[in-house]
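Engineer: Once you've had a glance at the structure underneath, I'll fire off some questions.
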Amino acid sequence: MSTEQDRTAQGRVSLITGASRGIGRALALTLAREGGTVVVNYKKNQDLAEKTVADIEEAGGQGFAVRADVETTEGVKALFDEVARRCGRLDHFVSNAAASAFKNIVDLGPHHLDRSYAMNLRPFVLGAQEAVKLMDKGGRIVALSSYGSIRAYPTYATLGAMKAAIEAWVRFMAVEFAPYGINVNAVNGGLIDSDSLEYFYNVKGMPDMQGVLDRIPAHRPGTVREMADTIHFLLGEGSGYITGQTLVVDGGLSVVAPPFFADAGPELQLPPRPTRES
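Position 134 of the sequence shown, counted from 1, bears residue number 134 in the numbering used here, the numbering being contiguous throughout.
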């Protein structure tokens, strides 16, 4: 949690993709309370984005919303063009937006693979390239990852594989961007109490969420505030010697690794091996 002595965002410009809700919104408000300027990127819900900007200003920060579809190359460029036009520089880039189809691997089509790459991995890489150009005094880049990057569980292959790739890119970026004074890290969240978690567990046949929570050493889901606080730490001066790392925020979930596949309902049991004729 930030304090009066921790002014990570004061006088700095932070860009957060997918910042109108969940973890992105929680982080935006944390940075706003320190007097930072926060760029709220969103894709669809203008009302939520404008509400977030209003809350940023009420909390003592400055902010503005930029509608841009980071799933496209043009959208990423337009987003950073607007940051350059309005701010002239960037200190923090947080790649938070994500989306995926939740299906077994044999049920995935080429369009699912293409969209997962376009929505989850490419915006981070292209965004980091653009961010570097605006970080003339150094900066911080943080990507959001998830439990599926290190553990397999039903219907999560497309997103989990992209998150694993993001963590690999973080390591390469950390080395290449270090001479520019830029640190690059990831935050890997477990079961975080958010609308994304509810959406995932609404997939028919998913294991009972309470049963999973009971086996987490912390016996509860994480909060968006806990995720935001971890990202905030990586944006601050106290993390100056940390780069190329993935911090895991999961209450011990990845240590005990609950057997999600064994708990899945009949709807998610793996089908017979497909053949060329089928």
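Just so you know, even glycine gets a beta-carbon here, dropped at the ideal spot from N, CA and C.
Starting from H112, trace the alpha helix (DSSP H) both ways and give me its first and last residue.
Structural biologist: For the purposes of this step, residue 112 is taken as residue 112 along the sequence shown, with counting starting at 1. From DSSP, the alpha helix (DSSP H) with H112 extends over 110 to 116.
Engineer: Assuming P221 and I192 make a contact with CB atoms under 8 Å, what is their CB distance in whole Å?
Structural biologist: Position 221 of the sequence shown, counted from the start, is the residue given in the question as residue 221. Position 192 of the sequence shown, counted from the start, is the residue given in the question as residue 192. Going by Cβ atoms, the distance from P221 to I192 rounds to 6 Å, so yes, they are a contact pair.
Engineer: Under 8 Å by Cβ, that's how I've got I166 and A186 pegged, so tell me the actual separation to the nearest angstrom.
Structural biologist: The sequence position of residue 166 within the sequence shown is 166, counting from 1. The sequence position of residue 186 within the sequence shown is 186, counting from 1. Sure, about 6 Å apart at Cβ, within 8 Å.
Engineer: Can you tell me the Cα-Cα spacing of A9 and A143, whole angstroms?
Structural biologist: By one-based count along the sequence shown, residue 9 stands at place 9. By one-based count along the sequence shown, residue 143 stands at place 143. So the two alpha carbons sit approximately 18 Å from each other.
Engineer: Determine the DSSP secondary structure at L134, reduced to helix, strand or coil.
Structural biologist: Walking along the sequence shown from the start, residue 134 turns up at place 134. If DSSP states are grouped into helix, strand and coil, L134 belongs with the helices.
Engineer: Do you know how far the Cα of A174 is from the Cα of T182?
Structural biologist: Here residue 182 corresponds to residue number 182 of the sequence shown, with the count starting at 1. Here residue 174 corresponds to residue number 174 of the sequence shown, with the count starting at 1. Strictly speaking, residue 182 in this sequence is Ile, with Thr absent from that position. Going from the Cα of I182 to the Cα of A174 covers about 8 Å.
Engineer: Could you work out which residue in G109, A98, W169, I150 is closest to F200 when comparing CA atoms only?
Structural biologist: Within the sequence shown, residue 200 is the residue found at index 200, counting from 1. Nearest of G109, A98, W169, I150 to F200, Cα basis: A98.
Engineer: So, for R86: in the same chain, excluding its five sequence neighbours on each side, which residues have a beta-carbon less than 7 Å away from its beta-carbon?
Structural biologist: Your numbering for residue 86 matches position 86 in the sequence shown. Cβ within range, chain order: F64.
Engineer: Please check the pair G127 and V76, which I expect to be a contact at CB under 8 Å, by giving their CB distance rounded to whole angstroms.
Structural biologist: To locate residue 127, count along the sequence shown from 1; it is residue 127. To locate residue 76, count along the sequence shown from 1; it is residue 76. The Cβ separation is near 6 Å, so the contact holds.
Engineer: Per DSSP, which residues does H92 bridge with? Please list them.
Structural biologist: Along the sequence shown, read from residue 1 onward, the residue named residue 92 stands at position 92. H92 pairs with S14, R140.
Engineer: State buried or exposed for S20, treating a residue as buried only when at least 16 other CB atoms are found within 10 Å of its CB.
Structural biologist: Here residue 20 refers to the residue found at position 20 when the sequence shown is read from its first residue. By the 10 Å Cβ count, S20 comes out buried.
Engineer: What do you reckon, are the CB atoms on K43 and V83 nearer than 9 Å?
Structural biologist: Looking up residue 43 in the sequence shown gives position 43. Looking up residue 83 in the sequence shown gives position 83. No, the pair does not count as a contact, with Cβ atoms beyond the cut-off.
Engineer: Within the same chain, show all residues whose beta-carbon is closer than 7 Å to that of L79, passing over the 5 residues directly before and after it, in chain order.
Structural biologist: Within the sequence shown, residue 79 is the residue found at index 79, counting from 1. Within the same chain, L79 has close Cβ partners N41, V66, A68, V70.
Engineer: Cα separation between A32 and G61?
Structural biologist: Residue 32 sits at position 32 when you count from the first residue of the sequence shown. Residue 61 sits at position 61 when you count from the first residue of the sequence shown. In a straight line, the C-alpha of A32 is about 4 Å away from that of G61.
Engineer: Could you tell me the distance, in whole angstroms, from the CA atom of A28 to the CA atom of I16?
Structural biologist: Locating residue 28 in the sequence shown gives position 28, where the first residue counts as 1. Locating residue 16 in the sequence shown gives position 16, where the first residue counts as 1. In a straight line, the C-alpha of A28 is about 8 Å away from that of I16.
Engineer: What do you get for V106, buried or exposed, if any count of 16 or more other CB atoms within 10 angstroms of its CB means buried?
Structural biologist: Along the sequence shown, read from residue 1 onward, the residue named residue 106 stands at position 106. Classification of V106: exposed, given that the 10 Å Cβ count is below 16.
Engineer: With the cut-off set at 9 Å, would you say S146 and P123 are in Cβ contact?
Structural biologist: Position 146 of the sequence shown, counted from the first residue, corresponds to residue 146. Position 123 of the sequence shown, counted from the first residue, corresponds to residue 123. Cβ distance not < 9 Å, so S146 and P123 don't count as in contact.
Engineer: Under DSSP, the beta strand (DSSP E) around A186 begins and ends at which residues?
Structural biologist: Position 186 of the sequence shown, counted from the first residue, corresponds to residue 186. Where A186 is concerned, the enclosing beta strand (DSSP E) stretches over 182 to 189.
Engineer: Nearest to V255 by CA position, among P179, P217, T158, is which residue?
Structural biologist: Sequence index remark: in the sequence shown, residue 255 carries index 255 (1-based). Closest by alpha carbon: P217.
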